[in-house]
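J.: Under our numbering, the first residue of the sequence shown is numbered 86, with each subsequent residue one higher. Every residue gets a Cβ at the ideal spot worked out from N, C-alpha and C, and that includes glycine. Predicted, not measured: the structure shown is a model, and the values here were computed from it.
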Amino acid sequence: MSEIKKRIVVLASGSGTNLQAIIDAVKTGRLSYVDISAVISNKKDAFALHRAKSSGIETVFLDPKSFINNIDYDKKLVEVISSYSVDLIVLAGYMRILTDNFVNAFGNKIINIHPALLPDFGGKGMYGKHVHEAVLKSGREESGCTVHFVTTEVDSGPIIVQRKIPVIPGDTVESLSKRILKEEHKLLVEAIEKILVIPAKAGIQQN
Ligand code: GRF
Numbered sequence: 086m087s088e089i090k091k092r093i094v095v096l097a098s099g100s101g102t103n104l105q106a107i108i109d110a111v112k113t114g115r116l117s118y119v120d121i122s123a124v125i126s127n128k129k130d131a132f133a134l135h136r137a138k139s140s141g142i143e144t145v146f147l148d149p150k151s152f153i154n155n156i157d158y159d160k161k162l163v164e165v166i167s168s169y170s171v172d173l174i175v176l177a178g179y180m181r182i183l184t185d186n187f188v189n190a191f192g193n194k195i196i197n198i199h200p201a202l203l204p205d206f207g208g209k210g211m212y213g214k215h216v217h218e219a220v221l222k223s224g225r226e227e228s229g230c231t232v233h234f235v236t237t238e239v240d241s242g243p244i245i246v247q248r249k250i251p252v253i254p255g256d257t258v259e260s261l262s263k264r265i266l267k268e269e270h271k272l273l274v275e276a277i278e279k280i281l282v283i284p285a286k287a288g289i290q291q292n
């Protein structure tokens, strides 16, 4: 009997190493129940789009310049994603702040990965190297990564999984971000499995 696949769409703006982790997990069978229906980006040259194409996954580039404002952009984004009838939307390094309309259109079907131990070091302006700079400046002895549900408040939704990573004396933004990124790849797959695969395997129908 063919498995009923759980459909996901991934939104990415950058290099797409988190997307690659999901692609690899589908290929190795860890996420055999998952079908990546499309990868969508706001950046035409996002390497994430190249990664998707190399794996035969449909890609969509939505150019912000083609829309008068965020509201219109996200209206189109809702329309595009709705056409895939997805079970989950994964933000994997997606560098646009989602409008309330978008978040409300998909409820608790959106997850995001953040390179710190939320709720600390999250929110407006806390992205990329800024996160690690703030952690190093704070003198904290540990940082980490978090996968959470997306709500209308940035980086504030219910936490799904989190992993702690030590800050090593002499760490730079580069060395810390590299160590955390490696763990993000594992954590994101774990979060998707927790939300989509385990219930599916147990025969629990998602609402
Ligand atoms: C990751 O560090 C993620 O936590 C953050 O953006 C980065 C994306 O990296 N949201 P990549 O594009 O998946 O390599």
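Thinking just about the alpha-carbon of each residue, which of A137, S139, V235 and D172 is nearest to the one in I182?
T.: Within the sequence shown, the letter at position 97 stands for residue 182. Taking only the C-alpha atoms, the option nearest I182 is V235.
J.: Note down, one range per segment and in chain order, each beta strand (DSSP E) of at least 3 residues found wholly within the stretch 199-237.
T.: 227-234
J.: In terms of alpha-carbon separation, which member of P204, V175 and V258 lies closest to E238?
T.: Against the sequence shown, residue 238 aligns to sequence position 153. Among P204, V175 and V258, the Cα nearest to that of E238 is on P204.
J.: Hey, quick one: how far does the beta strand (DSSP E) through F152 stretch, first residue to last?
T.: Translated into positions along the sequence shown, residue 152 becomes position 67. That residue, F152, is in no beta strand (DSSP E); it is neither H nor E in DSSP.
J.: Rounded to whole angstroms, what is the Cα-Cα separation between G208 and V216?
T.: Counting from 1 along the sequence shown, the entry for residue 208 is found at position 123. Counting from 1 along the sequence shown, the entry for residue 216 is found at position 131. Cα-Cα distance, rounded: 10 angstroms.
J.: Return the chain-ordered list of same chain residues with a C-beta closer than 6 angstroms to the C-beta of S262, the five sequence neighbours on each side being excluded.
T.: Looking up residue 262 in the sequence shown gives position 177. Here the set comprises H217.
J.: Do N155 and T184 have their C-beta atoms within less than 9 angstroms of each other?
T.: Within the sequence shown, residue 155 is the residue found at index 70, counting from 1. Within the sequence shown, residue 184 is the residue found at index 99, counting from 1. Result yes, Cβ atoms of N155 and T184 sit closer than 9 angstroms.
J.: Any idea which residues DSSP pairs S126 with across the strands?
T.: Along the sequence shown, read from residue 1 onward, the residue named residue 126 stands at position 41. Paired residue(s): F146.
J.: Exposed or buried, what is G210 when buried is set at 16 or more other beta-carbons lying within 10 Å of its beta-carbon?
T.: Residue mapping note: residue 210 aligns to position 125 of the sequence shown, counting from 1. G210 comes out exposed.
J.: Could you tell me the boundaries of the beta strand (DSSP E) in which K249 lies?
T.: Looking up residue 249 in the sequence shown gives position 164. Unbroken beta strand (DSSP E) run through K249: I244 to P251.
J.: Quick check: the Cα distance between G99 and H270, rounded to an integer number of angstroms?
T.: Residue 99 sits at position 14 when you count from the first residue of the sequence shown. Residue 270 sits at position 185 when you count from the first residue of the sequence shown. In a straight line, the C-alpha of G99 is about 15 angstroms away from that of H270.
J.: What does the alpha-carbon distance come out to for the pair L134 and L147?
T.: Within the sequence shown, residue 134 is the residue found at index 49, counting from 1. Within the sequence shown, residue 147 is the residue found at index 62, counting from 1. Answer to the nearest angstrom: the Cα atoms are 12 angstroms apart.
J.: Hey, could you find the ends of the alpha helix (DSSP H) V282 is sitting in?
T.: On the sequence shown, position 197 is the one that residue 282 refers to. Annotation for V282: no alpha helix (DSSP H) segment contains it, and DSSP assigns it neither H nor E.
J.: Take the Cβ of A287 as the centre, count every other Cβ of all protein chains shown within 10 Å, and call the residue buried at 16 or more, exposed below.
T.: Counting from 1 along the sequence shown, the entry for residue 287 is found at position 202. A287 is exposed by the Cβ-count criterion.
J.: Apart from the five residues on each side of it in sequence, which residues of its chain come closer than 6 angstroms, Cβ to Cβ, to C230?
T.: For the purposes of this step, residue 230 is taken as the residue at position 145 of the sequence shown. Cβ within range, chain order: P200, R248, I265, E268, E269 and L272.
J.: Taking the straight line between their C-alpha atoms, what separation do you get for S168 and E227?
T.: For this step, residue 168 is matched to residue 83 along the sequence shown. For this step, residue 227 is matched to residue 142 along the sequence shown. Taking the straight line joining both Cα atoms gives about 41 angstroms.
J.: Any heavy atom of the ligand GRF closer than 8 angstroms to the Cβ of Y212?
T.: Translated into positions along the sequence shown, residue 212 becomes position 127. Yes.
J.: Counting along the chain, where does the beta strand (DSSP E) carrying R365 start and finish?
T.: The question about residue 365 has no answer, for the chain in this structure spans 86 to 292.
J.: What did DSSP end up calling D172 once you bin it into helix, strand or coil?
T.: As a first step, residue 172 must be located in the sequence shown, where it is residue number 87. Coil at D172, not helix or strand.
J.: Considering Cα atoms alone, identify which of E259, D120 and S260 is closest to I89.
T.: For this step, residue 89 is matched to residue 4 along the sequence shown. Per the Cα distances, D120.
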